[in-house]
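*Asks:*
2 protein chains.
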Amino acid sequence: MARVNTKQLITEAAVRVAARHGISGASMDQIAEAAGVAKGSLYYNFASKDALFEEVIRSGFERLAGAIDAAREGADPSDAPRAVAGATLETLRGNLDLAKLMASEVFRTDRPWADAMEIARSSVVVRFRDVLREARAARSSTPISNGDSLAELTETAGAAFFGALAGAALDWLLFRPDQPVDRVLDQVLAAFEG
Amino acid sequence: MARVNTKQLITEAAVRVAARHGISGASMDQIAEAAGVAKGSLYYNFASKDALFEEVIRSGFERLAGAIDAAREGADPSDAPRAVAGATLETLRGNLDLAKLMASEVFRTDRPWADAMEIARSSVVVRFRDVLREARAARSSTPISNGDSLAELTETAGAAFFGALAGAALDWLLFRPDQPVDRVLDQVLAAFEG
DNA sequence: GTCTATAATCCGATAGAC
DNA sequence: GTCTATCGGATTATAGAC
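Here the protein sequences line up with chains A and B, keeping their order. In terms of our numbering, the first sequence opens at residue 177 and continues consecutively. In terms of our numbering, the second sequence opens at residue 177 and continues consecutively.
(1) Just how far apart, CA to CA, sit R284(A) and V307(B)?
(2) Taking C-beta pairs closer than 7 Å, name the residues in chain B that A335(A) reaches, listed in chain order.
(3) Give a yes or no on whether the minimum CB-CB distance between S299(A) and chain B is below 8 Å.
(4) Between the Cα of Y220(B) and the Cα atoms of G201(B), G242(B) and T182(B), which residue gives the shortest distance?
(5) Nearest CA to the CA of E230(B): which residue from V213(B), D205(B), A194(B) and A263(B)?
(6) Within 8 Å, do at least three Cβ pairs link the segment 244-254 of chain B to the segment 204-211 of chain B?
(7) Measure from the C-beta of D286(B) to each C-beta in chain A and report whether the shortest distance is under 8 Å.
(8) Taking Cβ positions only, does K183(A) come closer than 8 Å to chain B?
(9) Applying the 10 Å Cβ sphere with the 16-neighbour rule, what's the burial state of E281(B)?
(10) Compare the beta carbon distance of V232(A) and A190(A) with 8 Å and say whether it is the shorter of the two.
(11) How many Å lie between L274(B) and S200(A) at the Cα?
(12) Quick one: list the residues of chain B neighbouring L365(A), beta-carbon separation under 8 Å, in chain order.
(13) Closer than 7 Å by beta-carbon distance: list the chain A residues that pair up with A279(B), in chain order.
(14) Between V357(B) and A261(B), what straight-line distance do the alpha-carbon atoms span, to the nearest angstrom?
(15) Once DSSP output is grouped into helix, strand and coil, what is the label at R196(B)?
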């Protein structure tokens, strides 16, 4: 092992460069220069450019999944959607380059790592779905409950919630960065009232 | 003018190729082959690869904006969000390759055409915001209205609604295409109830 | 484990025939 | 207006020194 973690230097540089130029537009030369290492070191630590970015994207979804789980633990089910949404917005803000990269790549089904990425994306979507399901269950067991028989929430609802947060977060961070995070959160939740 | 519209052949081929490989990964050779014309014809009809894809992306947002406007005309303000959401889902389904391309590119701020694309994206976001605003106004003027003073909906709410629809539509069309559109629409709107 | 130097390929764009 | 042929440059990946 080297004195500093060369592998981490490389992945962080890859995120920075690819956020600006896209994955196809990010050359291994640029990444090596941004990381402060020689190009040969990239190919010692990663089998190929594809292997490098598979690692980058997969770890991005894992980070987001971890933030969701942490926010879920400390919240009542009925408050969990707001708590999870807030944690998602904060995570995207703290990893803006990675968020841009994930948004650009998440629906690309041609990459060599498409299967691995869909597993990672789906694990996040399922988390959102479960948070929404539990909030609805907690609400329908209150005295105010009515008799509507609603269709069960599916992954599609989770994907919609994820999409709303990602769309609002990137609109916010790229084009209206002066808003406080709570105001963005209020706008996301208000968009669907009624 | 040629017997067939070569320019349109080229833009349609560019959408197909770029949906698979991304814009940076789509070579002018591939596009020419997919369009059934020579590469020289690409450079006769478009000044550059950048100019070609600026046209492609901009026209995609214009098509979506037109579908939104058409759905808005025939609906009561309180029903407009559902009508507009349905029209958006149908438009994305009918132009899946273009939708994938737009999703991959909409948050790329480094492109030469970034300013033009942000104007096009913003015009769609504003349409969603206005539909949501009018629905809320129509609802608050009913007898059931309460005294809550809610913050006015902003572009961020429109971006959230747009993101929810795009996220749900691509999850649907790419990974769960057997669902009927009405079920997808129900899931999107149900995700935010409460 | 990291470096330099180079091989082999591919790309965007242009020139000029027809 | 569309074609073929080609230029100059950039890219991924590898070889071998240290």
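All C-beta atoms, glycine included, are put in the ideal place defined by N, C-alpha and C.
*Replies:* Quick look at the numbers:
(1) 30 Å
(2) G343, A344 and D347
(3) It does not: the Cβ of S299(A) has no partner Cβ on chain B nearer than 8 Å.
(4) Comparing Cα-Cα distances from Y220(B) to each of G201(B), G242(B) and T182(B), the minimum goes to T182(B).
(5) Answer by Cα proximity: A194(B).
(6) no
(7) Cβ-Cβ to chain A under 8 Å: yes for D286(B).
(8) no
(9) buried
(10) yes
(11) 19 Å
(12) F368
(13) By Cβ distance, chain A contributes F283.
(14) 10 Å
(15) helix
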